[in-house]
Amino acid sequence: MPNIKSSVKSVRKDTKTNASNSAKKSEMRTAIKKAKLAKVEGADNSAELVNLAFKKIDKAAKTNLIHKNAANRYKASLSK
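Position in the sequence shown (first residue = 1) + 50 = my numbering.
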């Protein structure tokens, strides 16, 4: 643990940010998995789940959780 006041705050902030980013990335991955599974099973709400996954992917790319090209790859694979 650092002794400098600003470094202590930085460690605290980084911990919170890391937890938040991990949760958001996990939500995105879960949405992608649900959308893919719904498409394979031919569920009635598959279009709705794909739209939700697109929304989460776009939000992750906008906040730099994932690279914009990676976001486009995820969306293209869902669109197939």
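Ideal placement from N, C-alpha and C gives every residue a C-beta, glycine not left out. All values reported here derive from a predicted model rather than from experimental measurement.
> For Leu1, which three-state DSSP category applies?
Replying inline: As displayed, the chain neither begins before 51 nor continues past 130, which places residue 1 out of reach and without an answer.
> Along the chain, where does the alpha helix (DSSP H) that runs through Ala97 open and close?
Replying inline: Counting along the chain, the alpha helix (DSSP H) containing Ala97 begins and ends at Ser96 to Lys112.
>> Which of the three DSSP states is assigned to Asn53 in this structure?
In response: In the structure shown, Asn53 adopts coil according to DSSP, grouped into three states.
> Can you tell which of Ala88, Lys83, Thr113 and Lys130 has the C-alpha that lies nearest to the C-alpha of Thr67?
Replying inline: Looking at the Cα atoms, Thr113 is the closest of the given residues.
> For Ala93, which three-state DSSP category applies?
Replying inline: It is coil, neither helix nor strand.
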